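Heads up: the structure comes next, in structure tokens.
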Amino acid sequence: MYQETEKFKKCGKLFWPLVIGAVLLPFLISLIKELSGGAFQISSFLTLAVVLMFFVVIAFVMILGNGMILSSFVGRTASSVNTLPYHFRESYKDDELHNRLYIDTDNGVIGYISKYNPFEIQIFNASRIDQMKTVTSSTRGISFVFHIDGKKIKMYTLMAEHVMYKNSAEAKEAVAEADKYVAYLQKAKWVAEQRRR
12 MYQETEKFKK CGKLFWPLVI GAVLLPFLIS LIKELSGGAF QISSFLTLAV
62 VLMFFVVIAF VMILGNGMIL SSFVGRTASS VNTLPYHFRE SYKDDELHNR
112 LYIDTDNGVI GYISKYNPFE IQIFNASRID QMKTVTSSTR GISFVFHIDG
162 KKIKMYTLMA EHVMYKNSAE AKEAVAEADK YVAYLQKAKW VAEQRRR
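Just add 11 to the spot in the sequence shown (first one is 1) and you have my numbering.
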């Protein structure tokens, strides 16, 4: 049987080393260029480092911001969910944040794949989740929120690109979908707690 995740990890093991490496990369390239040119000049070193940093930051924003690359990793990991010994009949793919949620209401288990930890399916006993609710905002959108081991997870059902009226048909549909997943999470938690007794 697939082992339950002991500690929730929003970010994978490689995430922070990659971020730090990307920040240090321009300085390393600039240093190598300066040392290979003979005389070391701090002004040209810093100028080149700042220019390279600008391009690295833009690349990082594009990779992490729109999630195209990370979402493909999440999708690849998600393709192996069906091989797990659970009945994940309810699943939600957050197209805005590129996270995936899987809910097994029969066994009281949830699975989660984070875009910042895209190579791991985290499995949790649903008794570990709490504070499930629907959140509506005219400016941010509509989502359902829950906590795993005290850490907040947000899944958008509708992301606002403009001010949204909560009485619109689109907003009502998104609220109904969020409420549906909150109910699934509550049912999974109830089942998990009943099994522990």
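All residues carry an ideal CB built from backbone N, CA and C; glycine is no exception.
Predicted model only: the values in this text are computed from it and were never measured.
- Going by C-alpha positions, Ile134 is about 15 Å away from Asp117.
- Taking all protein chains shown into account, Ile159 has 16 or more neighbouring C-beta atoms within 10 Å of its C-beta and is therefore buried.
- Residue nearest to Lys18 within the set Ile140, Ile69, Tyr113 and Lys165 is Ile140 (criterion: CA-CA distance).
- By the Cβ test, the segment 136-156 is not in contact with the segment 92-101, since fewer than three Cβ pairs between them sit closer than 8 Å.
- Between the C-alpha atoms of Ile40 and Ile69 there is a straight-line separation of about 17 Å.
- Beta-bridge partners of Leu112 (DSSP): Tyr103 and Tyr123.
- Looking at the DSSP output, Thr145 bridges to Phe155.
- Rounded to whole angstroms, the gap between the alpha carbons of Met170 and Tyr113 is 20 Å.
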